[in-house]
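Asks: A single structure is presented below for examination.
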Amino acid sequence: MNSILIYPQLEFAKLQIPTPPYSILFIADYLLKRNVDVKIFDLRFDSLSQVINDISDNDPEFIGISVMTGPQIYYALKICEIIKKEFNNVKIVWGGIHSTILPTQTLQNKFIDFVIRGEGEKAYHELVSGKNQSQIKGLSFKKGKKIFHNPNSDFLTSSEINELNIPWTLINPKRYIRNGNLNIITSRGCPFKCAFCYNTLFNDVWRGWTAEKCIRELDKCLNLGAKKITFYDDYFFANSKRIKELFVYFKEQDIRWKAELRVNRLDYSLAEEAKNHGCIQMYFGAESGSQRVLNILNKNISIKDIIQSAKITKDTDLSADYSWMVGIPGETKPDVKKTITLIKKIKEINPESEFSIKILFPYPKTEIYTLAKREGFNPPANLIDWAEVRRDQASNYLKLKNQLEMISITSAIIGRKVFEQESMPIFKLIRFMADFRWKYEFFSAGFENFFFKIFRDLIDKVISRRTSVEYDPFTHEFVSIKED
């Protein structure tokens, strides 16, 4: 048995340190341990021609593709169309959050044969191993014009997750470990009930590697050149015993790191301990400066918590990175004003803080989705329409659509230290305009919004050609990068 797993291209992939495609890496590890030959293609780096050649050489029956909501859908569908034209007998399997939430709509596309909902390791292995399709939990499939959904699959247990390794031999580590930077995931799930989050739908139980397992995997990463680690776990600080053991390891290995924490979980003791054990920055999902809106979002945090987090990070010499949202159903213009005012206050308290403001797009089946539909939100009707979804573009039902888009674009410039680079003349011009807008809160539609919408594809192509330098999020500098 053999299979191919594909991670499609991403828009603006060159703007950040590329995260290894963990969604397919862990599936690949699960398959390898059960004697299924598997190859991984990350189309941020590999070419589609390499995929086609491998299909020709190895004749796999199934090809798995991991896809996120937004432009990645467009790239994935292009891949599927080309594969199906060349190899009509190959079965294409989609996985990921989007197809998990909308399996019927996904399968209505003629290029997609199966959807695996939720975690993919067990279901994909059973599928490629020839198990009766009607007996595979988490599998959705079609027979003729009918679509069938098997019962949901069970979560992998903590012990099963602990058995999963990062199979570095399947990918080129140098692509993902850049100037010592590496993005890594050590756990799954989040027990909190934020009204906008997909985790509440199918990933609400925290399970993670033990400290010992984390250390074994991180040792491999260090040997490959990693020294600056960003943890992309939804709930990195879930297990206090695990964290204490990792703190000791971080200090022993002189690792610098970043991770996400809820603002109401931060206190001076934790901040000081994290700082003393290599933490450079904490990431917080603050979301809104309006308590009324925070309550709508079911965040279970307060404005006081957010302000206190800024004071604590400032006093302990930690940087902070805050994520905010606008375009929330029920949000008013005064609510948006409160968010901007609070962001400015946070920046005054801790000048080393960074931030971004995204426009909420309602995920189907979440509480926010229901509220948005009451306000006139019409969700995309097919996969192609979902490919147009971006977090800097507002849905048509929002009354402040143009202003919200300008706020998001401006925050992307004002909130990030990358645009403080004096060596980049174009950044100076962009920053000058954004500073003016931010200071005077002048967010009517402007040339920036027009420019980004019309020339988005051109910008992406230009950025993709810049392979000689890359922005380091730990040092806030552009550094030379050698590509293989």
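If you're matching positions, the sequence shown starts at -14 in the working numbering and goes up one per residue. Even glycine gets a Cβ: it sits at the ideal position worked out from N, Cα and C.
#1: Under a Cβ-count criterion, where at least 16 other Cβ atoms within 10 Å of its own Cβ denotes burial, should Leu345 be classed as buried or exposed?
#2: Spell out the partners DSSP gives Trp79 in its beta bridges.
#3: Taking C-alpha atoms, which residue in Asp189, Tyr183 and Ile169 lies nearest to Pro176?
#4: Less than 7 Å between C-beta atoms, sequence neighbours within five positions excluded: which residues of the same chain meet that for Val447?
#5: Since Leu167 sits in a beta bridge, which residues does DSSP pair it with?
#6: Taking buried to mean at least 16 other C-beta atoms within 10 Å of its own C-beta, is Lys299 buried or exposed?
#7: According to DSSP, what are the bridge partners of Phe133?
#8: Could you round the C-beta distance between Ile170 and Tyr217 to whole angstroms and report it? I think they count as a contact, below 8 Å.
#9: For Ile448, does the three-state DSSP call read helix, strand or coil?
#10: Report buried or exposed for Asn166, applying the criterion of at least 16 other Cβ atoms within 10 angstroms of its Cβ.
#11: Taking Cβ positions, are Thr54 and Ile9 nearer each other than 8 Å?
#12: Which residues does DSSP list as the beta-bridge partners of Ala341?
#13: Give a yes or no on whether the C-beta atoms belonging to Asn43 and Asn(-13) are separated by under 8 Å.
#14: Starting from Asn(-13) and walking both ways along the beta strand (DSSP E), at which residues does that stretch end?
#15: Put Asp189 into one of helix, strand or coil per three-state DSSP.
#16: Alpha carbon to alpha carbon, what distance is there between Trp309 and Thr324?
#17: From the DSSP secondary-structure annotation, give me the bridge partner or partners of Gly270.
#18: Is DSSP giving Glu426 helix, strand or coil here?
#19: In terms of residues, what are the limits of the beta strand (DSSP E) holding Lys243?
#20: What does the alpha-carbon distance come out to for the pair Leu356 and Pro314?
#21: Measure the C-alpha to C-alpha separation of Phe459 and Ile328 and round it to an integer number of angstroms.
#22: Drop a sphere of 10 angstroms on the beta-carbon of Leu251, count the other beta-carbons inside from all chains shown, and report buried for 16 or more, exposed for fewer.
#23: With distances taken from CA atoms, which of Tyr161, Pro136 and Ile151 is nearest Gln1?
#24: According to the Cβ coordinates, are Lys243 and Tyr268 closer than 8 Å?
#25: Going straight from the alpha carbon of Glu148 to that of Leu209, what length do you get?
#26: Check Ser24 in the structure and name its three-state DSSP category.
#27: Taking Cβ positions, are Ile48 and Ile(-9) nearer each other than 8 Å?
#28: Which one of Glu106, Leu141 and Phe133 has the shortest CA to CA distance from Thr91?
#29: Using 10 angstroms around the beta-carbon of Glu106, count the other beta-carbons present and answer buried if the total reaches 16, otherwise exposed.
#30: Measure the alpha-carbon distance for Arg401 versus Asp22 and round it to whole angstroms.
#31: Taking 8 Å as the threshold (C-beta atoms), are Thr85 and Phe11 in contact?
#32: What is the DSSP secondary structure of Tyr161, counted as helix, strand or coil?
#33: Jot down the residue ranges of each uninterrupted alpha helix (DSSP H) in the segment 343 to 426, minimum 4 residues, whole runs only, in chain order.
#34: Quick check: the Cα distance between Pro(-7) and Val78, rounded to an integer number of angstroms?
#35: Verify whether the separation of the beta carbon atoms of Leu17 and Pro158 is less than 8 Å.
#36: Do you know offhand how far Ser51's Cα is from Phe30's?
Replies: Taking the definition as stated:
#1: In the sequence shown, residue 345 corresponds to position 360, counting from 1. Around the Cβ of Leu345, a 10 Å sphere holds 16 or more other Cβ atoms; the residue is buried.
#2: The residue given as residue 79 occupies position 94 in the sequence shown. Answer by DSSP bridge pairing, in chain order: Ile50 and Val100.
#3: Along the sequence shown, one-based indexing puts residue 176 at 191. With distances taken between Cα atoms, Pro176 lies closest to Asp189.
#4: As a first step, residue 447 is located in the sequence shown; it is residue number 462 there, counting from the start. In this prediction, Val447 has a pLDDT of 48, which is less than 50 and means its spatial position is unreliable; what the coordinates show is noted afterwards. Exclusion of the five residues before and after Val447 leaves no residue of its chain whose Cβ lies closer than 7 Å to its Cβ.
#5: Mapped onto the sequence shown, residue 167 falls at position 182. Bridge partners of Leu167: Ile214.
#6: Here residue 299 refers to the residue found at position 314 when the sequence shown is read from its first residue. Classified as buried, Lys299 has 16 or more neighbouring CB atoms from the shown chains inside 10 Å of its CB.
#7: Counting from 1 along the sequence shown, the entry for residue 133 is found at position 148. Beta bridge pairing from DSSP links Phe133 with Phe126.
#8: The residue labelled residue 170 in the question sits at position 185 within the sequence shown. The residue labelled residue 217 in the question sits at position 232 within the sequence shown. So it is a contact: roughly 5 Å between Cβ atoms.
#9: Indexing the sequence shown from 1 puts residue 448 at position 463. Any reading at Ile448 must be qualified, since the residue scores a pLDDT of 49, below 50, and its modelled position is unreliable; the value itself is stated next. In the three-state scheme derived from DSSP, where H, G and I count as helix and E and B as strand, Ile448 is classed as helix.
#10: As a working mapping, residue 166 is identified with position 181 in the sequence shown. Result: buried.
#11: Taking the sequence shown and counting its residues from 1, one reaches residue 54 at position 69. Taking the sequence shown and counting its residues from 1, one reaches residue 9 at position 24. Contact: no.
#12: Counting from 1 along the sequence shown, the entry for residue 341 is found at position 356. Rather than Ala, the amino acid found at residue 341 in this sequence is Ser. Answer is Ser308.
#13: Within the sequence shown, residue 43 is the residue found at index 58, counting from 1. Within the sequence shown, residue -13 is the residue found at index 2, counting from 1. A contact, by the Cβ cut-off of 8 Å.
#14: Reading the sequence shown from its first residue, position 2 is the one you call residue -13. That run of the beta strand (DSSP E) goes Asn(-13) to Tyr(-8).
#15: Locating residue 189 in the sequence shown gives position 204, counting from the first residue. In the structure shown, Asp189 sits in coil (DSSP, three-state: anything other than H, G, I, E or B).
#16: Position 339 of the sequence shown, counting from 1, holds the residue named residue 324. Position 324 of the sequence shown, counting from 1, holds the residue named residue 309. Per the coordinates, the alpha-carbon of Thr324 lies some 8 Å from the alpha-carbon of Trp309.
#17: Locating residue 270 in the sequence shown gives position 285, counting from the first residue. Ser308, per the DSSP bridge assignment.
#18: Working through the sequence shown from its first residue, we reach residue 426 at position 441. Looking at Glu426 - three-state DSSP - the assignment turns out to be coil, as it is neither helix nor strand.
#19: Against the sequence shown, residue 243 aligns to sequence position 258. Here the beta strand (DSSP E) through Lys243 covers Arg241 to Glu245.
#20: Position 371 of the sequence shown, counting from 1, holds the residue named residue 356. Position 329 of the sequence shown, counting from 1, holds the residue named residue 314. Cα to Cα, the separation comes out at about 6 Å.
#21: Locating residue 459 in the sequence shown gives position 474, where the first residue counts as 1. Locating residue 328 in the sequence shown gives position 343, where the first residue counts as 1. Each residue's CA atom was taken as its position, placing Phe459 and Ile328 some 22 Å apart.
#22: The sequence position of residue 251 within the sequence shown is 266, counting from 1. Burial call: buried.
#23: One-based indexing of the sequence shown puts residue 1 at position 16. Each of Tyr161, Pro136 and Ile151 was checked against the Cα of Gln1, and the nearest Cα belongs to Tyr161.
#24: In the sequence shown, counting from the first residue as 1, residue 243 sits at position 258. In the sequence shown, counting from the first residue as 1, residue 268 sits at position 283. In this structure, Tyr268 lies closer than 8 Å to Lys243 by Cβ.
#25: By 1-based counting over the sequence shown, the position of residue 148 is 163. By 1-based counting over the sequence shown, the position of residue 209 is 224. Rounded to the nearest angstrom, the gap between the Cα atoms of Glu148 and Leu209 is 21 Å.
#26: The residue given as residue 24 occupies position 39 in the sequence shown. A quick correction: the sequence has Lys, not Ser, at residue 24. The three-state secondary structure of Lys24, taken from DSSP, is strand.
#27: On the sequence shown, position 63 is the one that residue 48 refers to. On the sequence shown, position 6 is the one that residue -9 refers to. A contact, by the Cβ cut-off of 8 Å.
#28: Taking the first residue of the sequence shown as 1, we reach residue 91 at position 106. The shortest C-alpha separation from Thr91 is found at Phe133.
#29: Translated into the one-based positions of the sequence shown, residue 106 becomes position 121. Note on Glu106: 16 or more other CB atoms within 10 angstroms of its CB, so buried under the neighbour-count rule.
#30: Position 416 of the sequence shown, counting from 1, holds the residue named residue 401. Position 37 of the sequence shown, counting from 1, holds the residue named residue 22. Whole-angstrom Cα-Cα distance: 43 Å.
#31: Position 26 of the sequence shown, counted from the start, is the residue given in the question as residue 11. Position 100 of the sequence shown, counted from the start, is the residue given in the question as residue 85. Not closer than 8 Å, so no.
#32: Position 176 of the sequence shown, counted from the first residue, corresponds to residue 161. Coil, per DSSP.
#33: Entirely contained in the segment 343 to 426, the alpha helix (DSSP H) runs reaching 4 residues are, in chain order, 352 to 359, 368 to 371, 386 to 399 and 410 to 425.
#34: As a position in the sequence shown, residue -7 is number 8, starting the count at 1. As a position in the sequence shown, residue 78 is number 93, starting the count at 1. For Pro(-7) and Val78, the distance between alpha carbons rounds to 13 Å.
#35: The sequence position of residue 17 within the sequence shown is 32, counting from 1. The sequence position of residue 158 within the sequence shown is 173, counting from 1. Result no, Cβ atoms of Leu17 and Pro158 do not sit closer than 8 Å.
#36: Looking up residue 51 in the sequence shown gives position 66. Looking up residue 30 in the sequence shown gives position 45. Distance between the alpha carbons of Ser51 and Phe30: 16 Å.
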